[in-house]
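According to full-length UniProt numbering, the sequence shown is numbered sequentially starting from 1. Following: one structure in structure tokens, then a few remarks.
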Amino acid sequence: MSTETQKETLGFQTEVKQLLKLMIHSLYSNKEIFLRELISNASDASEKLRFEALSNADLYENDGDLKIRVEFDEKAKTVTVSDNGIGMSRQDVIDHLGTIAKSGTASFLSNLTGDQAKDSQLIGQFGVGFYSAFIVAKQVDVFTRRAGLDASEGVHWSSTGEGEFSIESVDLAQRGTRIVLSLKEDEEEFANSFRLRSLVRKYSDHIAIPVLMEKEAMPSDDEDEKEEANKAPEFETVNSATAIWSRSKSEITDDEYKAFYKHVSHDFAEPLSWAHNQVEGNLEYTSLLYLPEKAPFDLWNRDAPKGLKLYIQRVFIMDQADEFLPLYLRFIKGVVDSKNLSLNVSREILQKDPNVDKLRTALTKRALDMLAKLAKNDAEKYNAFWKEFGQVLKEGPAEDYANREKVLKLLRFASTHNDNAEQTVGLDDYVSRMKEGQEKIYYVVADSYNAAKSSPHLEIFRKKGIEVLLMSDRIDEWMMSQLFDFDGKSFQDVSKGELNLGDVESEEEKKQQEEVAKQMEGLTERLTSALGERIKEVRVTHRLTESPACLVVGDYDMGAQMRKIMEAAGQAVPEVKPTFEYNPEHPLIAKLDKEPDEDRFKDLALTLFDQAELAAGGQLDDPAAYISRLNKLLLELSA
């Protein structure tokens, strides 16, 4: 006997061991979902066979009637879920049932808290499918053969979920997969016809593949009927077996929509929202799009699997068709079914078909409309969405110029209008509160919310009562570099360029600022000399009311946040010399102006420069020199 056909005992991947232990102990309150997951997997296997058979009808093996069976044995205490779908080869079994072949595993495990309720939610975000069987089973046996392989190439996989699994070759005349669950002693309730039927209708009624169960025979004393009962059992379909998206919206309940979402996404949580659309005309399609409640762990991996399930005239074509939504909407789940694409479509053909571009445009609009509707009708839910997916949506204005205005209306930011980072505002809200004469939308970018809120650049805006957007996400400076205006109002970083508040300031105020600048020309020249090569120029500021000085970069220079990100990535960044602005009304500046000793003047000037650098979120080139100067000044004060 060859090694290939011998029985092998292998160990689970480390992550699987941890996941199995977690599932068994954390999902006890939602254990019935095992049936939903196994039926969902069987449905996927059937749809994949249907797709592969488009180019190779022999895979049907003279059996094109795709179905899923759910059986039970009260005496043996088993539940069996079987399908005649695509099945698995020996290597498929090792790859899919011994490892978690999904990015984000390490992140998933690092987020486990030990709190059963919280960890249960994490499992829902990650998706576990097959492994949910071990919630109710003390042993799981899988018998499978991939369509097209010889009957002798069947595989038997078995495990108790304790860390190992065995695998051996067996003869299987029927293609597909049969999963036998040997129930734990306290889970025998599932070996019951009524219990299983109710679960199928509750969780899997929407599955387009028929789910069959044995007809229930009525008890009888009639000998002929008893003899009839000894014949092969008859099976009946217990689910509606129609594609939910093909039905009228008025016929579908919210519970059915939620159940279908869990089937499509393999998520345990319910969706935040959904949009179901049936479009007729030159471009005929049906779409059912969902907005998840929680972000998956691989959200920031732009190469991770994503996209919609693609059907063509209800024939499953592709599991993750990412051509139909832009990358910044990669969190959207759902299905699209079109009549305008060829049945023999492949990934290469998809990329060339002009109807794909039309569908992408239409579906992007549907997704953005769904978000806009949620933002308008349920602010609480939209805030929950924003916390999970806001940073991804911020990629949109740069990636999707055609929908830039729509995406901008969906963005949310912290603001000086509110007291904390949790309270966010939209750009429409900001514009509605703009001061009379205000021409720009002001914002500041920093490493954190607290740093943005405490920025000295905000002082004049607080005094004038002008709202400023507080940005601290890593993507913010890059995003703002791609934006120019909203609703006819240009954007202005308050830490860049010369400050011009437009008509918010009176002509008298502007004239007074010019006079002060002339009066302070002597100090400006001394500071320019003292700071030397560190700065581009020195000027009197009118943006400060409490701080003695601040640093300002040019309108088109790279900000501190972007510099840090690029440097951390090993990228070369251009040298940017800041402008040193000082507040002539601050006591420290008044004392500096009167300092006759040029060496001490220079120490004070450099100390103010370094403090301004720190306040702007920058890093000192020579921290030791700063500390030395500061200590020297402190000693002089204490003398």
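Cβ atoms here follow ideal geometry from the backbone N, Cα and C, with glycine treated the same way.
- When the Cα atoms are used, what is the spatial distance from residue 648 to Asp303? Lying before the first or after the last residue shown, residue 648 is absent from the chain, which here runs from 1 to 639.
- Query: In three-state DSSP terms, what is Phe268?
  - Reply: Numbered from 1 along the sequence shown, position 268 holds the residue referred to as residue 268. Three-state result, Phe268: coil.
- Task: Report, in whole angstroms, the separation of the C-beta atoms of Val445 and Gly559, which I expect to be a contact under 8 angstroms.
- Result: Here residue 445 is taken as the residue at index 445 of the sequence shown, counted from 1. Here residue 559 is taken as the residue at index 559 of the sequence shown, counted from 1. The Cβ separation is near 6 angstroms, so the contact holds.
- Which of the three DSSP states, helix, strand or coil, is assigned to Trp478? Here residue 478 corresponds to residue number 478 of the sequence shown, with the count starting at 1. It is helical.
- Apart from the five residues just before and just after Thr160, which ones in its own chain have a Cβ nearer than 7 angstroms to its Cβ? Stepping through the sequence shown from its first residue, residue 160 is reached at position 160. Closer than 7 angstroms at Cβ, skipping near neighbours: Lys138 and Gln139.
- Message: According to DSSP, Tyr277 sits in a beta bridge with which residue or residues?
- Response: Position 277 of the sequence shown, counting from 1, holds the residue named residue 277. Per the sequence shown, residue 277 should be read as Asn rather than Tyr. The partner list for Asn277 (beta bridge, DSSP) reads Ser287.
- Starting from Ile179, trace the beta strand (DSSP E) both ways and give me its first and last residue. For the purposes of this step, residue 179 is taken as the residue at position 179 of the sequence shown. Start and end: Gly176 to Leu183.
- Rounded C-alpha distance that separates Asp298 from Arg330: As a first step, residue 298 is located in the sequence shown; it is residue number 298 there, counting from the start. As a first step, residue 330 is located in the sequence shown; it is residue number 330 there, counting from the start. Distance between the alpha carbons of Asp298 and Arg330: 11 angstroms.
- Message: Quick check on Val200: buried or exposed, where buried means 16 or more other Cβ atoms within 10 Å of its Cβ?
- Response: Along the sequence shown, one-based indexing puts residue 200 at 200. Buried: at least 16 other Cβ atoms inside 10 Å.
- So, do the region 309-320 and the region 371-380 have three or more beta carbon pairs nearer to each other than 8 angstroms? no
- Through-space distance from Ile86 to residue 644, alpha-carbon basis: The shown model of the chain, from 1 to 639, leaves out residue 644, and the question about it has no answer.
- Task: Could you please give me the residues that DSSP links to Ser158 through a beta bridge?
- Result: Reading the sequence shown from its first residue, position 158 is the one you call residue 158. Its beta-bridge partners are Asp141 and Ser166.
- Message: Rounded to the nearest angstrom, what separates Gln278 and Ser82 at their Cα positions?
- Response: Mapped onto the sequence shown, residue 278 falls at position 278. Mapped onto the sequence shown, residue 82 falls at position 82. The alpha-carbon atoms of Gln278 and Ser82 are separated by roughly 33 angstroms.
- Query: Helix or strand or just coil, what does DSSP make of residue 689?
  - Reply: Since the displayed the chain opens at 1 and closes at 639, residue 689 lies outside it and no answer follows.
- Close-in-space but distant-in-sequence residues of the same chain around Val538 (CB under 6 angstroms, 5 per side omitted): Indexing the sequence shown from 1 puts residue 538 at position 538. Here the set comprises Thr524, Leu527, Thr528 and Phe580.
- Spatial neighbours of Asp622 in its chain, beta-carbon cut-off 8 angstroms, leaving aside the 5 residues before and after: The residue given as residue 622 occupies position 622 in the sequence shown. So the list is empty, once near-sequence residues are dropped.
- Query: So, Tyr285 versus Val356, is the Cβ gap smaller than 8 angstroms?
  - Reply: The residue labelled residue 285 in the question sits at position 285 within the sequence shown. The residue labelled residue 356 in the question sits at position 356 within the sequence shown. In this structure, Val356 does not lie closer than 8 angstroms to Tyr285 by Cβ.
- Under 8 angstroms between the Cβ atoms of Gln391 and Ile475? Numbered from its first residue, the sequence shown carries residue 391 at position 391. Numbered from its first residue, the sequence shown carries residue 475 at position 475. Their beta carbons are under 8 angstroms apart, which means Gln391 touches Ile475 by this criterion.
- Quick one: does the C-beta of Val79 sit closer than 7 angstroms to a heavy atom of the ligand HEM? Absence of the ligand HEM from the depicted structure is noted, as is the absence of any ligand whatsoever, leaving it without description.
- Message: Residues in the same chain with beta-carbon distance under 7 angstroms from Gln320, minus the five sequence neighbours each way, listed in chain order, please.
- Response: Within the sequence shown, the letter at position 320 stands for residue 320. Pro305, Lys306 and Gly307.
- Query: For the candidate residues Val180, Ser273, Tyr382 and Asn383, whose alpha-carbon lies nearest to that of Ile332?
  - Reply: By one-based count along the sequence shown, residue 332 stands at place 332. It is Ser273 whose Cα lies nearest to the Cα of Ile332.
- By Cβ distance, which residues of its chain are closer than 6 angstroms to Asp322, with the 5 residues on each side in sequence left out? Residue numbering aside, residue 322 sits at position 322 when the sequence shown is read from its first letter. Closer than 6 angstroms at Cβ, skipping near neighbours: Lys306 and Gly307.
- When you compare only the Cα positions, how much space is there between Gly163 and Leu20? Numbered from its first residue, the sequence shown carries residue 163 at position 163. Numbered from its first residue, the sequence shown carries residue 20 at position 20. Rounded to the nearest angstrom, the two C-alpha atoms are 9 angstroms apart.
- Query: Given that a residue counts as buried once 16 or more other Cβ atoms are within 10 Å of its Cβ, and exposed if not, what is Gln6?
  - Reply: As a position in the sequence shown, residue 6 is number 6, starting the count at 1. Exposed: under 16 other Cβ atoms inside 10 Å.
- Local Cβ density within 10 Å of Val155, reported as buried at 16 or more and exposed below that: Indexing the sequence shown from 1 puts residue 155 at position 155. Buried, by the Cβ-count rule.
- Which residues in the same chain have their Cβ closer than 6 angstroms to the Cβ of Tyr442, if we skip the five residues on either side of it in sequence? As a position in the sequence shown, residue 442 is number 442, starting the count at 1. Closer than 6 angstroms at the Cβ level, and outside the excluded window around Tyr442, lie Val468, Gln492 and Val494.
- Message: Less than 8 angstroms between the C-beta atoms of Arg543 and Ile460, yes or no?
- Response: Along the sequence shown, one-based indexing puts residue 543 at 543. Along the sequence shown, one-based indexing puts residue 460 at 460. Cβ atoms of Arg543 and Ile460: closer than 8 angstroms.
- Beta carbon proximity, Leu196 to chain C, threshold 8 angstroms: Any reference to chain C falls outside this structure, which holds one protein chain only.
- Classify Asn631 as helix, strand or coil using the three-state DSSP reduction. Here residue 631 is taken as the residue at index 631 of the sequence shown, counted from 1. Correct three-state label for Asn631: helix.
- Message: Suppose you measure from the CA of Asp150 to the CA of Asn239; what does that come to, to the nearest Å?
- Response: Indexing the sequence shown from 1 puts residue 150 at position 150. Indexing the sequence shown from 1 puts residue 239 at position 239. For Asp150 and Asn239, the distance between alpha carbons rounds to 32 angstroms.
- Helix, strand or coil for Lys7, going by three-state DSSP, please let me know. Your numbering for residue 7 matches position 7 in the sequence shown. Note: Lys7 maps to coil in three-state DSSP.
- Is there contact between the region 262-269 and the region 31-47, where contact requires at least three CB pairs shorter than 8 angstroms? yes
- From which residue to which residue does the alpha helix (DSSP H) around Asp599 run? Translated into positions along the sequence shown, residue 599 becomes position 599. Note, Asp599: alpha helix (DSSP H), Glu598 to Ala615.
- Query: Just the Cα atoms here: how many angstroms apart are residue 640 and Thr607?
  - Reply: Outside the displayed range of the chain (1 to 639) lies residue 640, so it cannot be described from this structure.
- Consult DSSP for Gln320 and reduce its assignment to one of helix, strand or coil. Walking along the sequence shown from the start, residue 320 turns up at place 320. Strand at Gln320.
- Contact under 8 angstroms by Cβ, Leu97 with Val136: Taking the first residue of the sequence shown as position 1, residue 97 is located at position 97. Taking the first residue of the sequence shown as position 1, residue 136 is located at position 136. Against a cut-off of 8 angstroms, the Cβ pair of Val136 and Leu97 comes out as no contact.
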